[in-house]
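Chains Y and E are the protein sequences, given in the same order.
So the first sequence is numbered by this note's numbering: it starts at 1 and just counts up by one.
So the second sequence is numbered by this note's numbering: it starts at 1001 and just counts up by one.
Have a look at the structure below before the remarks.
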Amino acid sequence: MDLLEVENLSVRFARRDAPAVDAVDDISFSLDAGRTLGIVGESGSGKSQTVLALIGLMAANAQVSGRASFEGRDLLTLSERALNQLRGNRIGMVFQDPMTSLNPFLTVEQQLVEPLRLHRKVSRREARARAIEALERVHLPDAARRICRYPHEFSGGMRQRVMIAMALVTEPRLLIADEPTTALDVTVQAQIVDLLRELNRECGTAMILITHDMGVAAGLCDEVMVMYAGRTVEHASALQLFAAPTHPYTVGLMNALPRLDDESGRPLAAIAGHPPLPGEAIEGCAFAKRCPHAGEPCMTTRPVLRRSADSEDAWRACHLPAAAAVGDLQ
Amino acid sequence: MSVKTRRGDASYADALLAVRDLKVHFRVKREPSAWAAWREKALLRAVDGVSFDVGRGETVGLVGESGCGKSTLARAIVGLSPVTSGSIRWQGVETVNDGRRPGAAIQALRRGVQMIFQDPLASLDPRMTIGRIVAEPLRTRRSHMARAEVRARVATMLERVGMNAHYLERYPHEFSGGQCQRIGIARALIAEPRLVVCDEPVSALDVSVQAQVVNLLRDLQRELSLSMLFVAHDLAVVKSISHRVLVMYLGRVMEVGERQALYANPRHPYTRALLYAVPVANPAIERSRSRVLLQGDLPSPLDPPSGCVFRTRCPEAIDACAQRVPPLEVHEGQCRRVACIRAVSP
């Protein structure tokens, strides 16, 4: 059974003196237990708002609609109290910036013990033992001693390990990681990616990973959903998506990536133009204005996310047939 | 590549920019965790003995992790950061005198050097129109130029970087990050510099727009035969734009080489580790990877390891690495220099 099933999720921000912004526009996806889903897209594409809506962390002017059932309960209609019982318990969260998402006034121990004391009725001693265990699981050296330190005494990579330990200490079914490696250097990023992969394999925690880095998504995810201007443009297994993307935006994104193995010295294949501005009215396909293959229907009719003809587990939202939309992938 | 690159001290006077044994040290308060030395001032060696040249019409890439001193080095060259010691020669003329930068020398250098900054929006004055921002270098450097001439040049330059000249009267907040960076590039190029120092010019931009800006910089560099010092942490971006690449770690140069040779055959263990850590957009490759090469984090620059600064994270370190600082030695002819006692010439 699906662990998480999201149907027609939309997030709209009402603005004074300006048209409303559709940050997330009719998104549907599902996630099986133990699987990893990557949500990729450029800034402003709505990837963070999607998961924030799921766990009820929205700004006051947001209107959320749709359905998101997690273990059979609709997250979007749950009371704050019921959500509090899920968050930090069944659903763990790792945020982008390990500097600002830990409380600087509390020791690492206090922060790790808090979810355990809240959600699991365990003694203080037991909680501490489990917290140390969690830190050891994320390979924090010398965990028993360092647990009484404050966040500022750790480096960025170590802090992100603490964040991950904190999210995992209650053994959640679902871990949501919003750009967990973006603030880190490549060598440390590689360590964290390895760690997340190992934890997913060993503990069977399902994971939603938000990233703008295609390489990180390729390394960690079973399936990948590509978002553009608040909409899903393509959703497929990672192997399939990276080997043969079928949406012109995904193709463009792959071609625009500077690659280490490119010896040609050619200029990069940039996508012309800019993503639509927030609040801009979009008729038809959101990518049509930048799409090299756009035709008549692309400008006027919004494409529906459909299961692709030749694969069960691939969806795309494009009027053009897959072969015509791809053009030349370099 | 028609670029004639020069290395070694013989051609010292020939290079457009020649940096020798440059040091930038800061006196800072010790970290609070080192409580034993609470009030003691410590010496932070941000740049510690860096030497390199930038030839005419050459793009030199400068890579390294955060805190390795690459931005400080770039800022020191243009005079935005103090210099502790060493030499910076601009077209053969020394601009550092006993750790100071005398006004006349730095003026000469600044006439020929412009900078492009990381944050495209923050580096533009929000209260100035695009037209005034781009015109400013002309007004300060060529104050005799007629208004109409300035305006015409600004319009031409904006169009050259792919912006509509109708935008002259608009303000920076009306533009996207990519467009703001184009404005920053126009401002840097309008004074016709010989060298452009770019400090992480595309790291704040999304992939699709990043590619546009990288291509623009590449085209401009070729068209105007500019020299460029391109500072970035993204190895793939640096590869796509540079002729030669410098790898830094904790304030020192680990390896220098021609782009293709360096990426195809990295000699320093740190360069290898850096290249290996870059994730590739290919699940088959990513998943078959063995464990990460580097453990741990960058050591504190306040208390760098003795000898080779990289030895604490180096998978190939031996006892001798702690003994002395490895010099940047020539490998494979003149082009490649590596600071590692274990790097062997083929």
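Each residue gets a CB set at the ideal place from its N, CA and C atoms; glycine is no exception.
Check, Outcome
"Serine 48 of chain Y at chain C interface by Cβ criterion, 7 Å", "You won't find chain C in this structure, because its protein chains are Y and E."
"Valine 1083 of chain E burial status per 10 Å Cβ neighbour count (16 or more: buried)", "buried"
"Meets three-Cβ-pair contact criterion under 8 Å: the region 69-86 of chain Y and the region 138-155 of chain Y", "no"
"Three CB pairs or more closer than 8 Å across the region 1232-1239 of chain E and the region 1274-1288 of chain E", "yes"
"Classification of histidine 1166 of chain E by the beta-carbon crowding that lies within 10 angstroms, buried from 16 upward", "exposed"
"Touching by the beta-carbon criterion (3+ pairs, under 8 Å), the region 29-37 of chain Y and the region 216-233 of chain Y", "yes"
"Secondary structure of phenylalanine 242 of chain Y, DSSP reduced to three states", "helix"
"Neighbour flag for serine 311 of chain Y against chain E, beta carbons, 7 Å", "no"
"Cβ of leucine 37 of chain Y within 7 Å of any chain E Cβ", "no"
"Residues bridged to serine 1336 of chain E [DSSP beta-bridge criterion]", "Serine is not the amino acid found at residue 1336 of chain E; the sequence shown has arginine there. Answer is E/His1331."
"The region 156-189 of chain Y: positions lying closer than 8 Å to chain E by Cβ", "Gly156, Gly157, Met158, Asp185, Val186, Thr187, Val188 and Gln189"
"Neighbourhood of arginine 1006 of chain E by C-beta, 8 Å cutoff - its chain only, sequence neighbours within 5 removed", "With a pLDDT of 42 at arginine 1006 of chain E, under the threshold of 50, the modelled position of this residue cannot be trusted; read the value that follows with caution. Closer than 8 Å at the Cβ level, and outside the excluded window around arginine 1006 of chain E, lie Asp1014, Ala1015, Asp1053 and Gly1055."
"Closer than 9 Å at the beta carbon, the chain E residues around isoleucine 271 of chain Y", "Val1207, Ser1208, Val1209, Ala1211 and Gln1212"
"Any alpha helix (DSSP H) of 4 or more consecutive residues that is wholly inside the region 1128-1195 of chain E", "1130-1141, 1147-1160 and 1177-1189"
"Contact under 7 Å by Cβ, serine 1225 of chain E with glutamate 1058 of chain E", "no"
"Close beta carbons around leucine 135 of chain Y, own chain, < 8 Å, minus the five adjacent residues each side", "Val108, Leu112, Ala143, Arg146, Ile147, Arg161, Val162 and Ala165"
"Spatially closest choice to serine 43 of chain Y from E/Gln1221, E/Ser1288, E/Leu1205 and E/Arg1267, by CA coordinates", "E/Leu1205"
"Neighbour flag for valine 1231 of chain E against chain Y, beta carbons, 7 Å", "no"
"Test item: CB-CB of histidine 247 of chain Y and cysteine 318 of chain Y under 7 Å", "yes"
"Straight-line gap, valine 188 of chain Y to alanine 323 of chain Y (C-alpha atoms, nearest Å)", "39 Å"
"Buried or exposed (CB count within 10 angstroms, at least 16 for buried), aspartate 1297 of chain E", "buried"
"Within 9 Å of chain E by C-beta, residues of the region 244-255 of chain Y in sequence order", "Tyr249, Gly252, Leu253, Met254 and Asn255"
"Range covered by the beta strand (DSSP E) that runs through glycine 1049 of chain E", "1041-1054"
"Valine 1063 of chain E versus E/Val1253, E/Pro1299, E/Pro1326 and E/Ala1261, residue with shortest Cα-Cα distance", "E/Val1253"
"Residues near alanine 18 of chain Y by beta carbon distance below 7 Å, same chain, minus five either side", "Gly279"
"Residues in the region 1252-1270 of chain E having any Cβ partner in chain Y nearer than 7 Å", "Gln1260 and Tyr1263"
"Proximal residues of chain E, C-beta to C-beta of methionine 214 of chain Y below 7 Å", "Ala1281"
"Cutoff 6 Å; reference glycine 46 of chain Y; Cβ partners in own chain excluding five residues on either side", "Ala23, Val24, Met227 and Gly230"
"Straight-line gap, lysine 1070 of chain E to isoleucine 1106 of chain E (C-alpha atoms, nearest Å)", "20 Å"
"Contact list for proline 267 of chain Y against chain E, beta-carbon separation under 7 Å", "Asn1215 and Arg1218"
"Pick from Y/Val11, Y/Leu168 and Y/Gly41 that is closest to phenylalanine 287 of chain Y, judged by C-alpha positions", "Y/Gly41"
"Listed by chain order, chain Y residues near lysine 1239 of chain E by CB distance under 9 Å", "Pro258, Arg259, Leu260 and Asp262"
"Near-chain E residues of the region 230-243 of chain Y - C-beta to any C-beta below 7 Å", "Ala238, Leu239 and Phe242"
"Distance, threonine 205 of chain Y Cα to valine 1047 of chain E Cα", "44 Å"
"Neighbourhood of arginine 1111 of chain E by C-beta distance below 7 Å, restricted to the same chain and skipping five residues each side", "Arg1141"
"Member of Y/Asp261, Y/Phe29, Y/Arg12 and Y/Leu196 whose CA lies at the smallest distance from the CA of histidine 139 of chain Y", "Y/Leu196"
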